[in-house]
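Below is one structure, written out as structure tokens, with a few remarks after it.
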Amino acid sequence: MKGSEAIIKSLQDQGVDVVFGYPGGVLLPLYDELYDSDLKHILVRHEQCAAHAADGYARASGKVGVCIGTSGPGATNLVTGIATAHMDSSPILAIAGQVATGLIGRDAFQEVDTLGLTMPITKHNFQAMHADEIPGIIKSSFYIANTGRPGPVAIDLPKDVQEEEFDYKNDFQIDLPGYKPTKKGHPLQIKKASNLILNSKKPVILAGGGVIISESSDELMELSKVINAPVTTTLMGKGSFSEDHPLSIGMLGMHGRKVANMMVDECDCLIVIGCRFSDRTTGKVDEFAPNAKIIQIDVDPAEIGKNVSIDVPIVGDAKIVMSSLIKAIEKLKQKKQSGSSSKWTKYISDFKINCTPRLSYEDVPLKPQQVIKEIRNTLDDETIVTTDVGQNQMWMAHYFTTKIPRTFLSSGGLGTMGFGFPAAMGAKVALPENDVVAVCGDGGFLMVSQDLATIKEYDIPVVICVLDNRYLGMVAQWQKLFYNKRISHTRLGEVPDFVKLAEAYGVKGERVKKPGEMEETLKSALKSGEPTLIDVVIDPDEILPMVPPGCGITEIVGEYKVEREVPGEIPYRAPHIGEDGD
Amino acid sequence: MDEKRIHVISALVLNKPGVLQRVAGLFTRRGFNIDNITVGASEQENMARMTIISHGDENVLEQIIKQLNKLIDVVKVRDLDPENTVKRELCLIKISTSSEKVRSEIIQYANIFRGRIIDVSPETLTVEITGAPEKIEALIDLLQGFGIKQIARTGATAISRGMVE
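Just so you know, the sequences run in chain order X and G. Okay, so the first sequence: first residue is 0 according to numbering that gives the first Met the number 0, each after it adds one. Okay, so the second sequence: first residue is 0 according to numbering that gives the first Met the number 0, each after it adds one.
Here's what the structure looks like:
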């Protein structure tokens, strides 16, 4: 069997039905093999989109997404997408072509050190020097990518290795003596944690992306009920706990909900699950959850205590650890320990009502809050929403109610502009039955707009909503707030006409300018089953209240507009809870 | 401030191309210090042992060990207890020797330090010495006055005492 054939066979053995790629000189043998293969290949228009699409595919489905690029520039174009997946623990496999083994190191045409480049941004990477290594490498890659804490794996694949013949035997074993992810939590730690939780009066749960990855939303819901604790999430954890549930207090952090930031500041026990304490989540670390004992559950031991010091660490899979924790707590509860009371949850729900953000605006140009409200009203709960990076992302994170895991996909760690649209493409390919909507800014979308060609050619009916304010809005927001309103190079100007841009690719283009139009346009776009771009003209002056960098998360600047007509004084601190022994 | 100290980390790694780069890259990216690093074959087939000497407080050490453990090619990592560890280093020192008198002085010093003369030329003498890094420092200090032309040190390697792992 030839190396190139072995690649395709090995991918299919792992259950891969689609790959996103872009061919090139050194990939000719592989693409020649693809010509006869039933493995579906989607030709993107830029390798970065192949990586983001594989990432979107992985985040939406939980399966490993596969992308392919050629050597040199193909590999470097994949790099941004691989790093994006790495920061958000998304399982993708990136296959990059390489010059023939005899040419490696001679600065051959389109040669780059892919192994060196991807080393710090992958969970692991391989270079196949002989064809007979390919089946083992691909099998190991899938195992590494999607077990423990998931992450990207890259394979460097020289041209001659693809052409080399070898005897294919189906007897290769995964041999990774240095890789043994911990699954079960340590019983002693679980006991310590359950005692701590039951001795607290004001517990809060912080759920991160790890809850979604380990598919443990049910356990999370049960835990929050059993211990009477509200749940806040990180950006990556959005969807792990239904945001319309009474115990949900929304996203935490720099652009978090006021109620979440205040309650984390106030709580006496913070249970953190599958979260790496990003600076965007914690704000100033020294002032993070100052009154709380912190319990951290994470599958990656290196995350314990990396950024925030932890009182009770539990290393293990979130699903398994939470089940054990719930059992341990229920056992203790039968004895007599009381834990949190309804007084705490009542206090929180009152607080929450008092600072529910205002979404309804009649203004023209449109307020993003109104647009997001209309998007929410239109979509069913299973619709997968992707965001780009910047204001669009934080508006969506803040205002959009997410109810189901894997339906809110966003580049959290790397903050990659241009992620939203190709990720939506990948998600739609993974789950064609679900509606998929990309909410982008005009800046980020323009970084990847060439892939309108891909969704047209392959008929991938995603709807792209471009929140169009003609600014690189987030940077402009910081310039307005912290740099004396000096708007340096963040104004994007009047071009392009997004409707015409879409039409140039044969994609339907619509424009929305007034309240009410978004709902109508989005509804008919989804109904049409055609790829559509909606240019949403929004108010360039709208900014999101935020916590300035380096401040504690209670120090929110900007007016926090709430739903009530006359917001009363929002009470803060509930000293009575826990002090009178209830 | 947390107390900073020298740590001796012993790591069993797969003997494959690129492993040193993975480890070194990790130290660079995470801002950890490497004072010295030695690599060589181990008692197990296909595995090498790396001895890394680093300094930092306890939190830094904990992160180094955890991050090293995350590397797929790293099989086992230990922070060796300084009380129960023997450290040795090999050093070659080339010295200019102008006269017979100087030569015999150098040979005497080398003998005291249990060093050996491994090369002689009309203008130079080369001394080989092994021992704890402090001992090597001491000999280098002594020989400094004669005009050292070149020093080549391996960096320390280390192993735990007795049955301590």
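For every residue, glycine included, the Cβ atom is placed at its ideal position computed from N, Cα and C.
Report the three-state DSSP secondary structure of residue i (helix, strand or coil).
| i | result |
| --- | --- |
| residue 112 (chain G) | coil |
| residue 43 (chain G) | coil |
| residue 102 (chain G) | helix |
| residue 150 (chain G) | strand |
| residue 0 (chain G) | Any reading at residue 0 (chain G) needs caution, since the residue's pLDDT is 40, under 50, leaving its predicted position unreliable; the model's value is listed next. Note: residue 0 (chain G) maps to coil in three-state DSSP. |
| residue 111 (chain X) | coil |
| residue 124 (chain X) | strand |
| residue 21 (chain G) | helix |
| residue 361 (chain X) | coil |
| residue 6 (chain X) | helix |
| residue 443 (chain X) | helix |
| residue 124 (chain G) | strand |
| residue 249 (chain X) | strand |
| residue 77 (chain G) | strand |
| residue 528 (chain X) | coil |
| residue 87 (chain X) | coil |
| residue 149 (chain X) | coil |
| residue 264 (chain X) | helix |
| residue 369 (chain X) | helix |
| residue 312 (chain X) | strand |
| residue 256 (chain X) | coil |
| residue 199 (chain X) | coil |
| residue 287 (chain X) | coil |
| residue 553 (chain X) | coil |
| residue 292 (chain X) | strand |
| residue 424 (chain X) | helix |
| residue 546 (chain X) | coil |
Roughly how far, in whole angstroms, is the beta-carbon of residue i from the beta-carbon of residue j, given that I think they are within contact range, below 8 Å?
| i | j | result |
| --- | --- | --- |
| residue 394 (chain X) | residue 543 (chain X) | 6 Å |
| residue 160 (chain G) | residue 83 (chain G) | 5 Å |
| residue 96 (chain X) | residue 25 (chain X) | 4 Å |
| residue 259 (chain X) | residue 251 (chain X) | 4 Å |
| residue 518 (chain X) | residue 376 (chain X) | 6 Å |
With distance defined between alpha-carbon atoms, name the residue in the options nearest to residue i.
| i | options | result |
| --- | --- | --- |
| residue 616 (chain X) | X:431, X:419, X:471, X:425 | Within the shown structure, residues of chain X are numbered from 0 to 581, placing residue 616 (chain X) beyond reach of any answer. |
| residue 310 (chain X) | X:319, X:288, X:16, X:331 | X:288 |
| residue 117 (chain X) | X:164, X:338, X:83, X:347 | X:83 |
| residue 532 (chain X) | X:521, X:426, X:526 | X:521 |
| residue 78 (chain G) | G:10, G:148, G:16, G:152 | G:10 |
| residue 150 (chain G) | G:62, G:140, G:158 | G:140 |
| residue 5 (chain X) | X:283, X:33, X:318 | X:33 |
| residue 498 (chain X) | X:530, X:487, X:489, X:518 | X:530 |
| residue 101 (chain X) | X:111, X:158, X:92 | X:158 |
| residue 199 (chain X) | X:180, X:390, X:290, X:89 | X:290 |
| residue 124 (chain X) | G:147, G:106, G:16 | G:16 |
| residue 30 (chain X) | X:218, X:56, X:1 | X:1 |
| residue 515 (chain X) | X:353, X:367, X:527 | X:367 |
For residue i, return the contacting residues in chain G, with the cut-off set at a CB-CB distance below 7 Å.
| i | result |
| --- | --- |
| residue 175 (chain X) | 71 |
| residue 142 (chain X) | Here the premise fails: no neighbours, minimum Cβ distance about 10 Å. |
| residue 123 (chain X) | 71 |
Please list, in chain order, the chain X residues whose beta carbon lies closer than 7 Å to that of residue i.
| i | result |
| --- | --- |
| residue 21 (chain G) | 118 |
| residue 28 (chain G) | 119 |
| residue 74 (chain G) | 176, 177 |
Give me the chain G residues within the contact set of residue i, using Cβ-Cβ distance strictly less than 9 Å, ordered along the chain.
| i | result |
| --- | --- |
| residue 300 (chain X) | 65, 68, 69 |
List, in order along the chain, the chain X residues whose C-beta lies closer than 9 Å to that of residue i?
| i | result |
| --- | --- |
| residue 88 (chain G) | Ordered by position in chain X, no residue passes the 9 Å Cβ test against residue 88 (chain G), which lies about 27 Å from the chain. |
| residue 24 (chain G) | 115, 118, 119 |
Using a Cβ cut-off of 8 Å, pull out every chain X residue sitting near residue i, in sequence order please.
| i | result |
| --- | --- |
| residue 13 (chain G) | 176, 177 |
| residue 175 (chain G) | Nothing can be reported for residue 175 (chain G): it is not among the residues displayed for chain G, which extend from 0 to 164. |
Counting only Cβ pairs nearer than 8 Å, list the residues of chain G close to residue i.
| i | result |
| --- | --- |
| residue 114 (chain X) | 17 |
Compute the minimum distance between the beta carbon of residue i and the heavy atoms of the ligand HEM, and state whether it is under 7 Å.
| i | result |
| --- | --- |
| residue 8 (chain X) | The ligand HEM is absent from the structure shown, which contains no ligand whatsoever. |
Does the stretch 467–483 of chain X touch the stretch 71–91 of chain X, meaning 3 or more C-beta pairs lie closer than 8 Å?
no
Does the pairing of the stretch 451–458 of chain X with the stretch 32–49 of chain X give three or more beta-carbon distances under 8 Å?
yes
For the structure I just gave you, are there three or more beta carbon pairs, one from the stretch 259–270 of chain X and one from the stretch 153–173 of chain X, closer than 8 Å?
no
Is the stretch 231–239 of chain X close to the stretch 272–285 of chain X, with three or more CB pairs under 8 Å?
yes
Closer than 8 Å is the cut-off here; do at least three beta carbon pairs connect the stretch 108–124 of chain G with the stretch 41–49 of chain G?
no
Using a Cβ distance threshold of 8 Å, determine whether the stretch 15–25 of chain X contacts the stretch 53–73 of chain X, with at least three qualifying pairs required.
yes
Quick one: any contact between the stretch 550–558 of chain X and the stretch 402–412 of chain X, if contact means 3 or more CB pairs under 8 Å?
no
Indicate whether the contact test is met: 3 or more Cβ pairs, each with one atom in the stretch 192–207 of chain X and one in the stretch 359–366 of chain X, closer than 8 Å.
no
Looking at C-beta atoms only, is the number of pairs between the stretch 432–451 of chain X and the stretch 102–113 of chain X that lie closer than 8 Å three or more?
no
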